[in-house]
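Each remark here refers to the structure printed beneath this line.
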Amino acid sequence: MPFLRAELHLDYALAGLHATMFAAGAVAVGAAGERLTARVGRAGSVRLGALGTGLALALLAAAHSPVLSLLAAAVLGVGATVLVTTAQTLLADRDAAHQRTALVEAGIVSSVSGSAAGWLIGTLQQAGAGWRAALLLPVLAAVALSVWRPGTRPEVAAAPASGRPSQPLPRAFWRSWGLVFAIVTVEWGLSFWGAAYLTTRGLAPEAAARTFSAYLLALLAGRLLGGVVIRRVRASTPQVIGAALAVTAAGFTVFWLAPVSGWRAAGLIVTGLGVANLYPLGLSLALAAAPDAQDLASTRITLAVGVAILLAPLALGALADRLDLQVAYGLVPAALLGAALLLDRRPPPG
Numbered sequence: 009m010p011f012l013r014a015e016l017h018l019d020y021a022l023a024g025l026h027a028t029m030f031a032a033g034a035v036a037v038g039a040a041g042e043r044l045t046a047r048v049g050r051a052g053s054v055r056l057g058a059l060g061t062g063l064a065l066a067l068l069a070a071a072h073s074p075v076l077s078l079l080a081a082a083v084l085g086v087g088a089t090v091l092v093t094t095a096q097t098l099l100a101d102r103d104a105a106h107q108r109t110a111l112v113e114a115g116i117v118s119s120v121s122g123s124a125a126g127w128l129i130g131t132l133q134q135a136g137a138g139w140r141a142a143l144l145l146p147v148l149a150a151v152a153l154s155v156w157r158p159g160t161r162p163e164v165a166a167a168p169a170s171g172r173p174s175q176p177l178p179r180a181f182w183r184s185w186g187l188v189f190a191i192v193t194v195e196w197g198l199s200f201w202g203a204a205y206l207t208t209r210g211l212a213p214e215a216a217a218r219t220f221s222a223y224l225l226a227l228l229a230g231r232l233l234g235g236v237v238i239r240r241v242r243a244s245t246p247q248v249i250g251a252a253l254a255v256t257a258a259g260f261t262v263f264w265l266a267p268v269s270g271w272r273a274a275g276l277i278v279t280g281l282g283v284a285n286l287y288p289l290g291l292s293l294a295l296a297a298a299p300d301a302q303d304l305a306s307t308r309i310t311l312a313v314g315v316a317i318l319l320a321p322l323a324l325g326a327l328a329d330r331l332d333l334q335v336a337y338g339l340v341p342a343a344l345l346g347a348a349l350l351l352d353r354r355p356p357p358g
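Going by my numbering, the first residue of the sequence shown is number 9, and it counts up by one from there.
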């Protein structure tokens, strides 16, 4: 986004609208994506999602006006979300113990891929090839996925052709839906405004960016560590989520209220370690609550993610304009408390 913003001379509002367009695409898939899966199957959803993602990245590479780049963001929101939603469902087709491990490890792959993408974009821009050249690799990967043909393993039965399940999603799922919404609110509230908050505490923008990078590194470290711990710890998923929420709350309190910049950096690291695996674990809990409607459950979880991405940065920004960012950041502990209250610690039936 910094390179696109500089080339197209975008102001902050127009640059931020790209995230809104992406989230709107995710919301659209979350509201009705199971109908696509019911019609074309999971393998077909992968191919169509990959095709949409490749098209969006090609549009972004060719974008020399905000109209085209905003269209690319919306198409990317749809295509990438179809891919992610289908991948979530495929990973959910396993017993509960392996399911949560697979989802956590998928989070590790996502973090590593995101870090590699940022490195590739920066490297090619510095080398003179330009950031647009970095989009070639994911476009090629998307094309490869769009012509992918699965092996012989039969797909797990999807929803009926109408896209509507025979029974509504259970109450336990909707509790987990709210949990995921709260978790994503915390993640995006931190990611979108964290560096800006550090500047309100007296750091220069460059120092704030460097300090906030500790949080991003802690996210990656937490996911790598979580993949190992979850394999070895016999605690239930709600117990692990509860512990991670406690770690996140402790770290955020230090980051939010500490008077010294060193303590704030330490709080960011602890927060990142706590937040790292909250989403995949919440996702695992939600999918486990609807074993007979995995496609529908996965798309509705995507709806929670999209709505949280749309609302969390806007709500924090609006509160910060009326009050200040430190007061507005009270939304984060409120979301953590909401997540803790929604966490169902009862063992699943059967």
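Cβ atoms here follow ideal geometry from the backbone N, Cα and C, with glycine treated the same way.
Rounded to whole angstroms, the Cβ separation of alanine 180 and aspartate 352 is 6 Å, and the two are in contact under 8 Å.
Rounded to the nearest whole angstrom, the C-alpha separation of glutamine 107 and leucine 59 is 27 Å. Under the three-state reduction of DSSP output, histidine 72 falls in the coil class, being neither helix nor strand.
At a Cβ-Cβ threshold of 9 Å, leucine 206 and alanine 215 count as neighbours.
In the three-state reduction of the DSSP assignment, proline 178 falls in the coil class. A Cβ-Cβ separation of about 13 Å leaves valine 255 out of contact with alanine 274 under the 8 Å criterion. Contact annotation: the stretch 304 to 312 does not touch the stretch 263 to 283, with fewer than three C-beta pairs closer than 8 Å. Counting of Cβ neighbours within 10 angstroms places serine 53 among the buried residues, the total reaching 16 or more. A distance below 9 Å separates the beta carbons of tryptophan 201 and alanine 328. Taking the Cα positions, glycine 234 is about 10 Å away from leucine 289. Restricted to the stretch 189 to 257, the alpha helix (DSSP H) segments that are unbroken, complete and at least 4 residues in length are 213 to 240, listed in chain order.
Burial check for serine 221: the Cβ neighbour count within 10 Å stays below 16, so the residue is exposed. Annotation: the continuous alpha helix (DSSP H) that includes alanine 348 extends over 339 to 350. Straight-line spacing of the CA atoms in alanine 142 and leucine 225 works out to 22 Å. If only complete runs of 4 or more residues are kept, the stretch 249 to 323 shows the alpha helix (DSSP H) at 269 to 283 and 286 to 296, in order along the chain. Taking the C-beta atoms as reference points, isoleucine 238 is found nearer than 9 Å to threonine 109. Under the 10 Å beta carbon count, glutamine 334 is surrounded by fewer than 16 other beta carbons and is classified as exposed. By the neighbour-count criterion, in which 16 or more other beta carbons inside 10 Å mark a residue as buried, alanine 40 falls on the exposed side.
Between glycine 57 and valine 90, the gap from beta carbon to beta carbon is short of 9 Å. The beta carbon of leucine 276 sits closer than 8 Å to the beta carbons of Gly202, Thr219, Phe220, Ala222, Tyr223, Ala226, Gly259 and Phe263 from its chain, once the five residues preceding and following it are set aside; these are given in chain order.
If you check the CB distance, leucine 78 and histidine 26 come in under 9 Å. Excluding its 5 nearest sequence neighbours in each direction, serine 73 has C-beta neighbours in its own chain below 8 Å: Leu16, listed in chain order.
Here leucine 132 is near tryptophan 139, since their CB atoms are less than 9 Å apart. The shortest CA-to-CA distance from valine 188 to any of Asp300, Ala305 and Trp271 is the one to Ala305. The alpha-carbon of glutamate 195 is positioned some 30 Å away from that of leucine 148.
Only buried fits alanine 297, as 16 or more other CB atoms lie within 10 angstroms of its CB. Judged by their CB atoms, threonine 245 and leucine 293 are nearer to each other than the 9 Å cut-off. Residues of the same chain with a CB within less than 6 Å of the CB of alanine 150, apart from the 5 flanking positions on each side, are Ala58, Thr61 and Gly62 in chain order.
Between the C-alpha atoms of glycine 197 and threonine 45 there is a straight-line separation of about 31 Å.
Residue Ala347 holds the alpha-carbon nearest to the alpha-carbon of alanine 190 among Val315, Phe30, Ala347 and Leu253.
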